[in-house]
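A.B. asks: Basically my numbering = 1-based index in the sequence shown + 3.
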Amino acid sequence: MEKYGLPILLFLLILFSCTDSKRKSTPTTLFSNIENSHSNILFNNALNETKSFNYFEYPYFYMGGGVAIGDINNDGLQDVFFTGNQTKNALYLNMGNLVFQDISLRSNTQGGNQWYTGVTFCDVNNDGYLDIYACVSGKNAEKKNELYINNKDLTFTEKAAFYGIADNGSSIQSVFFDYDNDNDLDLYVINYPFTPFSSSLEYYDEKIHNPTLEDSDRFYENTGNGTFVDITEKSGVINFGLSLGVISADFNNDGFQDLYISNDFATPDILYINNGNGTFSNIIKKSTGHTSFYGMGVDASDFNNDGLLDFIQLDMNPEDNKRSKENMASMNPKRFQRITDLGFHYQYMHNTLQLNQGNLDSGSPFFSNISRIAGVSSTDWSWSSLFADFDNDGWKDLYITNGSRKDINNKDFFNKLKARTMFKKDKNYFEQSWDMPSEKLENYIYKNNTDHTFNKSNEDWGIGFKGFSNGASYADLDNDGDLELVINNIDSTAVIYKNNATELASGTYLRFKFKGAKKNPLGLGAKVLIAHKTQKQYQELTLTRGFQSSVEPILHFGTNQLEFIENATITWPDGATQTLKNIETNQVITIDHKKASLKKTIENTSTHKLFKDVTDSLHINFTHRENEYDDFDRQLLLPHKYSNFGPALAVGDVNGDRLDDYYVGGAAEQAGELHIQQEDGSFKRSTSLVWEKDGRFEDVAALFFDADGDGDKDLYIASGGYEFKDGTEQLQDRLYKNDGNGNFSRLKMAIPDIRINSSCIASGDYDNDGDLDLFVGGRIISGKYPYPAKSTILENKSTLNATLFEDVTKHICPQLDSLGLVTSAIWNDFDNDKKLDLVVAGEWMPITIFKNEGSQFLNHTTHSGLEKLTGWWYSVAAGDFDNDGDDDYLVGNLGLNYKYQASEQGPFEVYAKDFDSNGSIDIVLGYYNEGMQYPVRGKQCSTQQIPRLEFQFPNYKSFASASLIDVYGVENLQAALHYKATTFASGYIENISGGRFKFHKLPNLAQFSSINSIIIDDMDKDGHLDALVAGNLYASEVETPRNDAGTGLFLKGDGNGHFEEIPFTESGFLTRSDTKQIKLLQSKNGKIILAAENNSKLKAFQVAQH
């Protein structure tokens, strides 16, 4: 037995070893980290700070290096190039099976002692072999970019000067693209001129308005003979910006490549639209609502598969409470205002995911930032963003690199440093820099959920590296039909993630290589649209993506489980096209430009849109001018301003000609205006002086109704404005009597002297006595947010001789005296008992229903099933959307694309109390992060409101670790006024009989911003009620990005309680500003939609007549 023991033991060891090996080779996650010992990639962008060269001497020390991937020797395997800062560049030849050979020294691509940054591959000399263009920055005066020309024998020769592109700026990255469609490649280089981080806004302004070539990005045109010439000034792109990211793409789909430049600090981003005549125009403010503040890397892709290119821009906003409060600077409101006053656009410290909503009438693309609803707004100190379909399901996912070698925004460190060196003449910060905190961070990978949202999938997909990652790239390194990831790290070996999508059979794929024109052999700028049944995907070929990096020159499409694609349309930069039919998946297809043909494009000029902007043709010329007032001087930590919720808007036939007229209200010290409809359908301003007399009031709501029963429309105007204290004359509402011909006079004694900050008016005959009664909503008590304002019911007790309304609130609905911060209300008979009930919306409230019991109104909300749906409700409208005989409701909320998020498990909360006994109401907003409740606002703001907190929390670290209870105490919070919001979703409330209701969240397109106003009507005459919604919230405090993604939306009803979102490019309805009211008006030429926007021009849209 003993003689067989050793062989058997060896056999068992081999067996178990093989079994174990087989088990290890079966992937369980989408990605596997390839060991460096297997790949032989040992590149490490190691940094070494010295007394003479460190972060304090060169503040761009931690920007890291890039990655470029491409097949340098045409063997069918993608090779990898890394740039180093204090480390030599490295070129790795792909030997197959994810094994690489370091040929850096042999290839002559290691570079000198320069500080290398970005890199891109491109065939510059059109010989069929990839060349390398490396950007250089650093402290040295000599920092010319380098071009390594491929000698076709695995060696390269540096020839940037010969080709005319040895740019000597502080270059970060470059992009090759064909800007003039002449089939050769031009070059744009972004530069980050050395600028002290303490530079003033005035310094930036001077530089922006007087740019020099020395500081500017540079643009080089290909002369066609193999060299380049600088056309920076000629093309109109001379600029000043602290540029960190660039992407070329045809954003407006006009056949010419545009550029997006991502800029750091307050220097505004640039969106260069290609004019098609050799010049570019910057339309950043026209095309975006806001951008990131510390703009980092960018990538462009059609992530929602609608055929339009979107883009993402990264910033430095942590997702966890501790790092956010320790590291992120507070934005000073006055500085923010100065930034916008200087024309630097609205910029906020978060990632922006700019959804391409389509072209405006001018041909400019319009983008809405949806990073909050998408779930990708906060990824800490982020550098590279890459869209790609990593799981081959047909939707682009998102990878983001993260981390700074030192926490250079750590508030405590720099406060200590300032104290240590305050009185020192020789301020050598190097020794102190060793104390600067450093924390390794994880990178992020997000799976596309196909509904404009993403799901963080680090754990599920096997992405677990923590460190300081900068440049990143993707390619199919092992030719198995899925995309690997390669990451360049500071002080860590580069990481390669093998993609296991093929092994996991998660989806099929289709890859396109291009054989382009003679002087664009890679086919850069080629567009591919694949379509199968109702599904489509669109991509453009550009190599520079993310941060300081470039990707393989192949377009990769995941195709889910499809075995073939019905068709693919390829469009080349010169306009030539070709179409492929019934293409088998799981293959790489080479597209040859020679097989394409130029076809004359016949543009479809027919619009067939339901809405048409007729503002100018109808002589609509009112512009609302908001008066300046700083609400935060009164209450420092308000979540948003309350002084700019106008203009009021009312519609009605005031002169009996059966044509609707309109009244639009002004801000304080701006008179409202009455506009009378003329016989031709246009409008003319009334010359009555009655409105001028009351110009000191701020009109926030208005309603035409027959107050006195004489058959004409009188006018009630609600007054508001946070600048006015309760009880002041400017908060008194006003009633104006119509003489039947459209002439109005104010009836001062007709309504009670109730001087509150009003919000809305609703008329209805609640007591069935034949006249119209009123509900007037109370918005806020100035200086006492969020204490509830008084709302009132005014019973109409007019006689033939006198118009009179009496406040009967205490008798029939006393709850209204302190209901909340009311925003909207309607009278509606929800239970069909012939008595009007009252439905009220507001901030920190549920949709509240008061049932009319005849002699009084009882709160029906608890029985209705809506009591837990507390939110920031801004609008409510009624209609029988499911055709079951009772009214349902559409309700507008804050939306799901705001910094503030809420759920039943993690509500958004507010506490209010005079916490420090100084006679003023203090505001504490609370949110949940990883299951713990924290203050929303940081240490600086919180201690400004309650100074004693400075002693309780002497540094930022202690405050960052403190929960809401730690900061304010259990007893204080229990004694405070307390509200919570459990949802910010807008929705459809279905009336399901018996006084019960069911809430349905509206589709995500309707959640991009707040919905302030709703119109219900069968707009398209198909027999089903539709809805038109509009909103936005521009009044956010400056550390909270404003709600500006809304464009107005047509919700097409199907009669069964479902709605289809119709974007403005199809409907024609576009309200992209801070829309407060929309109203339906009957004109001689049909229905008109009026849209009133705060601090903007009144707009009008004609509804098509079918």
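Backbone N, C-alpha and C define an ideal beta-carbon position, used for all residues, glycine too.
Please read these numbers as outputs of a predicted model, since none were measured by experiment.
Is G561 closer than 8 Å to L544 when the C-beta atoms are compared?
C.D. replies: The residue given as residue 544 occupies position 541 in the sequence shown. The residue given as residue 561 occupies position 558 in the sequence shown. No, these two residues do not count as a Cβ contact at 8 Å.
A.B. asks: If we call anything under 8 Å between Cβ atoms a contact, is G526 one with H611?
C.D. replies: Stepping through the sequence shown from its first residue, residue 526 is reached at position 523. Stepping through the sequence shown from its first residue, residue 611 is reached at position 608. No, the Cβ-Cβ distance between G526 and H611 is not below 8 Å.
A.B. asks: Bridge partners for R737 per DSSP, in chain order?
C.D. replies: To locate residue 737, count along the sequence shown from 1; it is residue 734. According to DSSP, R737 bridges with I720.
A.B. asks: Quick check: the Cα distance between Q1105 and D1021, rounded to an integer number of angstroms?
C.D. replies: Indexing the sequence shown from 1 puts residue 1105 at position 1102. Indexing the sequence shown from 1 puts residue 1021 at position 1018. The straight-line gap from Cα to Cα measures roughly 14 Å.
A.B. asks: Would you kindly report the start and end of the unbroken alpha helix (DSSP H) that includes Y63?
C.D. replies: Locating residue 63 in the sequence shown gives position 60, where the first residue counts as 1. Note, Y63: premise wrong, no alpha helix (DSSP H); not H, not E.
A.B. asks: In this structure, how does DSSP classify T812 when only helix, strand and coil are distinguished?
C.D. replies: In the sequence shown, the residue the question calls residue 812 occupies position 809. T812: helix per DSSP, three-state reduction.
A.B. asks: In chain order, which continuous runs of the beta strand (DSSP E) of length 3 or greater are located wholly inside the region 378–421?
C.D. replies: As far as the region 378–421 is concerned, its whole beta strand (DSSP E) runs of at least 3 residues are 383–391 and 400–405.
A.B. asks: Note down, in chain order, each residue of its chain lying with its Cβ closer than 6 Å to the Cβ of H981, except the 5 sequence neighbours on either side.
C.D. replies: Translated into positions along the sequence shown, residue 981 becomes position 978. Taken in chain order, the residues that qualify are Y914.
A.B. asks: Looking at C-beta atoms only, is the number of pairs between the region 1080–1096 and the region 680–688 that lie closer than 8 Å three or more?
C.D. replies: Yes, the region 1080–1096 is in contact with the region 680–688.
A.B. asks: Check the C-beta distance from L1031 over to F1053 and give it rounded, since I have them as a contact under 8 Å.
C.D. replies: Counted from its first residue, the sequence shown places residue 1031 at position 1028. Counted from its first residue, the sequence shown places residue 1053 at position 1050. With 8 Å as the limit, L1031 and F1053 qualify as a contact, their Cβ atoms being about 6 Å apart.
A.B. asks: Let me make sure I understand the geometry here. Which of L869, G227, Q955 and T291 has the alpha-carbon closest to that of Y166?
C.D. replies: The residue given as residue 166 occupies position 163 in the sequence shown. Closest by alpha carbon: G227.
A.B. asks: For the alpha helix (DSSP H) holding A137, just list the boundary residues, first then last.
C.D. replies: One-based indexing of the sequence shown puts residue 137 at position 134. Taken as a continuous stretch (DSSP letters only), A137 belongs to no alpha helix (DSSP H), being part of the beta strand (DSSP E) at D134 to S140.
A.B. asks: On the premise that I720 lies in contact with A705, defined as a C-beta separation below 8 Å, what is that separation, rounded to the nearest angstrom?
C.D. replies: Here residue 705 is taken as the residue at index 702 of the sequence shown, counted from 1. Here residue 720 is taken as the residue at index 717 of the sequence shown, counted from 1. Yes, they are in contact, since the Cβ atoms of A705 and I720 sit about 5 Å apart, within 8 Å.
A.B. asks: Which of the three DSSP states, helix, strand or coil, is assigned to F515?
C.D. replies: What you label residue 515 is simply residue 512 of the sequence shown in a count that begins at 1. Strand at F515.
A.B. asks: Can you tell me which of A579, T29 and K615 puts its alpha carbon nearest to the alpha carbon of S600?
C.D. replies: Numbered from its first residue, the sequence shown carries residue 600 at position 597. The option with the nearest alpha carbon to S600 is A579.
A.B. asks: Which residues in the same chain as A591 place their Cβ atom closer than 7 Å to its Cβ, once the five residues preceding and following it in sequence are excluded?
C.D. replies: For the purposes of this step, residue 591 is taken as residue 588 along the sequence shown, with counting starting at 1. The residue asked about is misnamed: residue 591 is Val in this sequence, not Ala. The answer, listed in chain order, is R514 and K516.
A.B. asks: Does the region 472–481 come into contact with the region 491–505, if we say contact requires no fewer than three beta-carbon pairs (one atom in each stretch) closer than 8 Å?
C.D. replies: As far as the Cβ criterion goes, the region 472–481 touches the region 491–505, which means the pair count is three or higher.
A.B. asks: Helix, strand or coil, according to DSSP, for S24 in the structure here?
C.D. replies: Counted from its first residue, the sequence shown places residue 24 at position 21. Because S24 sits at a pLDDT of 42, beneath the cut-off of 50, its placement in the model cannot be relied upon, and the point is left open.
A.B. asks: Quick check: what's the CA-CA separation for T120 versus A137?
C.D. replies: In the sequence shown, counting from the first residue as 1, residue 120 sits at position 117. In the sequence shown, counting from the first residue as 1, residue 137 sits at position 134. In a straight line, the C-alpha of T120 is about 7 Å away from that of A137.
A.B. asks: Of the residues V379, N330 and N799, which one's Cα is nearest the Cα of E442?
C.D. replies: Counting from one through the sequence shown, the residue named residue 442 turns up at place 439. The residue with the shortest Cα to Cα distance from E442 is N330.
A.B. asks: By alpha-carbon positions, which one of S552, K530 and S290 ends up nearest to G366?
C.D. replies: Here residue 366 refers to the residue found at position 363 when the sequence shown is read from its first residue. When each option's Cα is compared against that of G366, the closest is S290.
A.B. asks: Tell me where the alpha helix (DSSP H) around K210 begins and ends.
C.D. replies: The residue given as residue 210 occupies position 207 in the sequence shown. Per DSSP, K210 belongs to the alpha helix (DSSP H) from L204 to H212.
A.B. asks: Grouping DSSP H, G and I as helix and E and B as strand, with all else coil, what is I968?
C.D. replies: Your numbering for residue 968 matches position 965 in the sequence shown. I968: helix per DSSP, three-state reduction.
A.B. asks: What does DSSP give as the partner residue(s) for S476 in the beta ladder?
C.D. replies: For the purposes of this step, residue 476 is taken as the residue at position 473 of the sequence shown. Per DSSP, V489.
A.B. asks: Which residue comes first and which comes last in the beta strand (DSSP E) that contains D105?
C.D. replies: Position 102 of the sequence shown holds residue 105. From DSSP, the beta strand (DSSP E) with D105 extends over V102 to D105.
A.B. asks: Helix, strand or coil: how does DSSP classify N994 here?
C.D. replies: In the sequence shown, counting from the first residue as 1, residue 994 sits at position 991. Three-state result, N994: strand.
A.B. asks: Which residues bound the alpha helix (DSSP H) around I287?
C.D. replies: Here residue 287 is taken as the residue at index 284 of the sequence shown, counted from 1. From DSSP, the alpha helix (DSSP H) with I287 extends over I287 to S290.
A.B. asks: Among K716, N451, F884 and V83, which one has its Cα closest to the Cα of L102?
C.D. replies: Numbered from 1 along the sequence shown, position 99 holds the residue referred to as residue 102. Sequence inspection shows Val at residue 102; the Leu mentioned does not correspond to that position. When each option's Cα is compared against that of V102, the closest is V83.
A.B. asks: Are there 16 or more other CB atoms within 10 angstroms of the CB of W437, so buried, or fewer, so exposed?
C.D. replies: The residue you call residue 437 lines up with position 434 of the sequence shown. Burial call: exposed.
A.B. asks: Determine the extent of the alpha helix (DSSP H) in which L976 is found, giving its start and end residues.
C.D. replies: The residue labelled residue 976 in the question sits at position 973 within the sequence shown. From DSSP, the alpha helix (DSSP H) with L976 extends over V973 to A978.
A.B. asks: Are the region 108–115 and the region 88–99 touching by the rule of at least three beta carbon pairs closer than 8 Å?
C.D. replies: Yes: at least three Cβ pairs fall under 8 Å.
A.B. asks: For G724 and V703, I'd like the C-alpha separation in whole angstroms.
C.D. replies: As a first step, residue 724 is located in the sequence shown; it is residue number 721 there, counting from the start. As a first step, residue 703 is located in the sequence shown; it is residue number 700 there, counting from the start. Answer to the nearest angstrom: the Cα atoms are 8 Å apart.
A.B. asks: Just verifying my parser: in three-state terms, what is the DSSP assignment at R951?
C.D. replies: For the purposes of this step, residue 951 is identified with residue 948 of the sequence shown, where counting begins at 1. The answer is coil: DSSP assigns R951 none of H, G, I, E or B.
A.B. asks: Would you call the CB atoms of P30 and L507 closer than 8 Å?
C.D. replies: Sequence index remark: in the sequence shown, residue 30 carries index 27 (1-based). Sequence index remark: in the sequence shown, residue 507 carries index 504 (1-based). Going by C-beta atoms, P30 is nearer than 8 Å to L507.
A.B. asks: Counting along the chain, where does the beta strand (DSSP E) carrying A571 start and finish?
C.D. replies: Translated into positions along the sequence shown, residue 571 becomes position 568. Unbroken beta strand (DSSP E) run through A571: F567 to T574.
A.B. asks: Less than 6 Å between C-beta atoms, sequence neighbours within five positions excluded: which residues of the same chain meet that for L15?
C.D. replies: Against the sequence shown, residue 15 aligns to sequence position 12. Reliability fails at L15, whose pLDDT of 40 lies under 50, so the model's placement of it is uncertain and no value is given.
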